[in-house]
Amino acid sequence: MKKNKIIIIGGGYAGIRALEKLSKDKFNEIILLDDHPYHYMQTEVYGFIANENDFSKITVDLFTLCASFGSHVAFHKQKVTSIDFDAKKVMTDEQSYDYDYVIVAVGSRTKFFDSIIGLKKYAHGIKALYRALYFKQKFELSLFNKIEEEGTYCKALNIIVAGAGLSGVEIAAQMASFSRDFYKENNFLCRKLTIVLIDACERILPGIDDFLVAASIKRLLELEVIIKDNRKVIEVTENSVSLSSGEVLPMDFMIFTGGVEPKELVYDLDVLKDRRGHIAINEYMQIEGYENAYAIGDCTAIYNDGILVAPTADVAEQMAELCAKNISNSSKNKKLEKVIIKSRGILIALGRGYAVGKIFGFYVDGYLGYLLKKVVEKVYSKRLFLRSGRGSKKIFSKGA
Ligand SMILES: Cc1cc2nc3c(=O)[nH]c(=O)nc-3n(C[C@H](O)[C@H](O)[C@H](O)COP(=O)(O)OP(=O)(O)OC[C@H]3O[C@@H](n4cnc5c(N)ncnc54)[C@H](O)[C@@H]3O)c2cc1C
10 MKKNKIIIIG
20 GGYAGIRALE
30 KLSKDKFNEI
40 ILLDDHPYHY
50 MQTEVYGFIA
60 NENDFSKITV
70 DLFTLCASFG
80 SHVAFHKQKV
90 TSIDFDAKKV
100 MTDEQSYDYD
110 YVIVAVGSRT
120 KFFDSIIGLK
130 KYAHGIKALY
140 RALYFKQKFE
150 LSLFNKIEEE
160 GTYCKALNII
170 VAGAGLSGVE
180 IAAQMASFSR
190 DFYKENNFLC
200 RKLTIVLIDA
210 CERILPGIDD
220 FLVAASIKRL
230 LELEVIIKDN
240 RKVIEVTENS
250 VSLSSGEVLP
260 MDFMIFTGGV
270 EPKELVYDLD
280 VLKDRRGHIA
290 INEYMQIEGY
300 ENAYAIGDCT
310 AIYNDGILVA
320 PTADVAEQMA
330 ELCAKNISNS
340 SKNKKLEKVI
350 IKSRGILIAL
360 GRGYAVGKIF
370 GFYVDGYLGY
380 LLKKVVEKVY
390 SKRLFLRSGR
400 GSKKIFSKGA
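Just so we're aligned: 208 in my numbering is position 199 of the sequence shown, and the numbers increase by one with no gaps anywhere.
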């Protein structure tokens, strides 16, 4: 039987899940390509920023992970620069690969809108690990500088989070909770920290259940996060943020989580895209016009009854599972399955030891919600850590 050459581009939630499923069939010869050597668990970045984790806990090494599947799986740390869908070739910054099937799973990146003056220059994103690391260090340094000011003057530290979707809300709550504990534990006098969460929509967490929104707002207010919804950021300078309401807020540093856009590879691909620039796919997740090419996760968009499904790791994984099934069916000339996404639940981290969520129709909040979120995360990361031999002393020989 002829082997299937499968190229997976992107080792995020979608790419890894597809790899796990496809690698079960030894007739699949799989190459995973990613420009980073690690799988970055973005859903756990809130704990990283709050010093609950270091970056080793939110990353999985892709070389060791792929090696664990057997000799039919390989990982190459290379950036994909283009795809020739007609010739069935993937080009990277180093070489080109032929494929029978390709899966594009390159995710998305923070969109720093050109129309907002100064945004790109002065605001930070957290979608890439190096950005999250930079932000965490800057945040801690700012807290430290506040302490240094004790006994002289005590100026407020002003943090702006623009964009109150899942990631903006989690980050704002986590910073507020972390700094509250930080000041309390050390009994510092200079405790003036202002966190302002800005959103262009009428209410925070668009697309999320009313009960969860209300519970999140209550918790954010308890943490003294100032919520300013229904107004847009129009200009950012080194130390201020101007809003469409006419307000000018003082700013020491700013996180922007107000928009995402496709990665540069997607911009360059000559395929059909939706109005936001994401890869257009059919009901089987094939890229329009190419039955051997699939797109999954945040680089594409999926609709249930005409409504855009919010891009999450859960959605990316469900797409990946079905994509793997369809590749297997296609190679055996079987019927393909249509994509239907069912939300398995949502858990929103709102500071240390606190989360709200809805799992299989049941609401949870407070410490129980937090514990559940931790369990979900642990189940995910533990599976990958075990596979990649995390903790084992046998992986590298001396001097390697
Ligand atoms: C702060 C934050 C909190 C979140 N919280 C949650 C949550 O609680 N629950 C939830 O379900 N979702 C959450 N999400 C959303 C979730 O992280 C994304 O939906 C998920 O990461 C999408 O997975 P993906 O595989 O499509 O993309 P990604 O995970 O972004 O992976 C894309 C991969 O492609 C690689 N890549 C990109 N371009 C190239 C190229 N040219 N060549 C080779 N490789 C390339 C990248 O290096 C990356 O490894 C959160 C996101 C953020 C930022």
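Beta carbons: idealized from backbone N, C-alpha and C, even for Gly.
Since this is a predicted model, take the numbers as computed values, not measurements.
Take aspartate 307 and list the residues in its own chain whose beta-carbon comes closer than 6 Å to its own, dropping the five residues that flank it on each side.
-> Gly116, Ser117, Pro320
When you compare only the Cα positions, how much space is there between isoleucine 114 and lysine 129?
-> Sequence inspection shows alanine at residue 114; the isoleucine mentioned does not correspond to that position. Approximately 25 Å, taken between the alpha carbons.
Quick one: is the Cβ of isoleucine 368 within less than 8 Å of any heavy atom of ligand 1?
-> no
Would you mind giving the Cβ-Cβ distance between isoleucine 112 and tyrosine 303, rounded to the nearest angstrom? I have them listed as a contact below 8 Å.
-> 5 Å
8 Å Cβ shell around lysine 391 - same chain, five flanking residues per side excluded | Here the set comprises nothing.
Tell me whether tyrosine 22 counts as near ligand 1, meaning its Cβ is closer than 8 Å to at least one heavy atom of that ligand.
-> yes
Where glutamine 327 sits in the DSSP three-state scheme | helix
According to DSSP, is serine 186 helix, strand or coil?
-> helix
Same chain, Cβ closer than 6 Å to alanine 141, five either side skipped, listed in chain order | Val54, Ile135
Put aspartate 307 into one of helix, strand or coil per three-state DSSP.
-> helix
Histidine 133: CB within 8 Å of a non-hydrogen atom of ligand 1 = No - ligand 1 has no heavy atom lying nearer than 8 Å to the Cβ of histidine 133.
Backbone secondary structure at phenylalanine 36 - three-state DSSP = coil
Going by CA-CA distance only, name the one from Asn239, Ile336, Tyr276 that's closest to leucine 28.
-> Ile336
Ligand 1 heavy atom lying under 8 Å from the CB of lysine 136 = yes
Segments assigned alpha helix (DSSP H), at least 4 residues, entirely inside the region 42-114 | 54-58, 71-76
Residue span of the alpha helix (DSSP H) that contains valine 385, given as start and end = Element bounds for valine 385: 375-396.
Inter-residue spacing [alpha-carbon to alpha-carbon] between arginine 212 and isoleucine 236 = 9 Å
When every heavy atom of ligand 1 is checked, does at least one fall within less than 8 Å of the C-beta of histidine 45?
-> Yes, ligand 1 has a heavy atom inside 8 Å of this Cβ.
Which same chain residues, not among the five before or five after isoleucine 125, have their C-beta less than 6 Å away from its C-beta?
-> Only Val242 meet the Cβ criterion.
Endpoints, beta strand (DSSP E) assigned at valine 234 | 234-237
Could you tell me the boundaries of the alpha helix (DSSP H) in which phenylalanine 369 lies?
-> In the DSSP assignment, phenylalanine 369 falls outside any alpha helix (DSSP H) and carries neither an H nor an E.
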